[in-house]
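S.K.:
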Amino acid sequence: MIYDYDEIIKKYGNWYKLKKAIEKEEIFKIDNGLYSATKSVKEIDIVVKKYNNPIFTFKSAFYYYGISDVIPDKYYIASNKNGAKYNDPAIKQFFMDNDILYLGVTSFEYFGTKINIYSKERLLIELIRYKHDIA
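For the sequence shown, my numbering assigns the number 18 to the initial residue and increments by one for each residue that follows.
1) Could you work out which residue in L140, D150, Y147, N133 is closest to V65 when comparing CA atoms only?
2) Rounded to whole angstroms, what is the Cα-Cα separation between S136 and V122?
3) Find out if the Cβ-Cβ distance for the pair D48, T130 is shorter than 8 Å.
4) I'd like the list of long-range same chain contacts for N99, defined as Cβ closer than 8 Å, with 5 residues on each side in sequence excluded.
5) Three or more C-beta pairs closer than 8 Å, one from the segment 137-144 and one from the segment 74-88: is that the case here?
6) Just confirm the distance between the C-beta atoms of I94 and I108, as a whole number of angstroms; I'd bet it's less than 8 Å.
7) Which residue marks the beginning of the alpha helix (DSSP H) containing K46, and which one marks its end?
8) Quick check: is the beta carbon of K137 nearer than 8 Å to any beta carbon in chain C?
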């Protein structure tokens with residue numbers, strides 16, 4: 018399980034106790050503000066926790082559904098056009114109006130990780146919208 022900073026401080030009580038747990042390898046720091054009970058963590062789990070259950074779209078969604086066998090070079094995420102831009106080279110954001118952002122969002126389990134993803138029907142729309150990005 019991955020914990021954010023607030024969750025891990027609640028669990029350990031304060032920064033000093035957390036620091037001691039990290040030294041004893043009871044807990045592992047896996048990214049800025051992210052901690053795990055295990056040393057190795059799947060990258061998609063980190064993305065889901067770090068970006069607060071993002072909506073996967075486009076090439077990521079095609080791959081997760083098994084529609085494409087091409088492993089995406091980035092995580093393709095749909096975001097509110099008024100939201101923050103992620104400063105992460107592993108993320109490709111698609112900004113959308115809030116009134117259409119959540120249309121067609123479904124929950125999907127990808128190798129044990131529960132993710133938010135656009136339905137296959139919604140992906141047809143995304144395919145048409147971003148056909149110039151398919152290479």
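Every residue gets a Cβ at the ideal spot worked out from N, C-alpha and C, and that includes glycine. Note that this is a predicted model, so its numbers are computed, not measured.
M.R.: Taking the coordinates as given:
1) As a position in the sequence shown, residue 65 is number 48, starting the count at 1. The residue with the shortest Cα to Cα distance from V65 is N133.
2) In the sequence shown, counting from the first residue as 1, residue 136 sits at position 119. In the sequence shown, counting from the first residue as 1, residue 122 sits at position 105. If you take the alpha carbons of S136 and V122, they lie about 6 Å apart.
3) On the sequence shown, position 31 is the one that residue 48 refers to. On the sequence shown, position 113 is the one that residue 130 refers to. Contact flag unset, no.
4) On the sequence shown, position 82 is the one that residue 99 refers to. Within the same chain, Cβ atoms closer than 8 Å to the Cβ of N99 are found at N115, the five residues on either side in sequence being excluded.
5) yes
6) The count along the sequence shown starts at 1 and reaches residue 94 at position 77. The count along the sequence shown starts at 1 and reaches residue 108 at position 91. That belief holds up - the Cβ atoms of I94 and I108 are roughly 6 Å apart, short of 8 Å.
7) Taking the first residue of the sequence shown as 1, we reach residue 46 at position 29. Per DSSP, K46 belongs to no alpha helix (DSSP H); it is in the beta strand (DSSP E), 45-48.
8) Among the chains in the structure shown there is no chain C, since it carries only a single protein chain.
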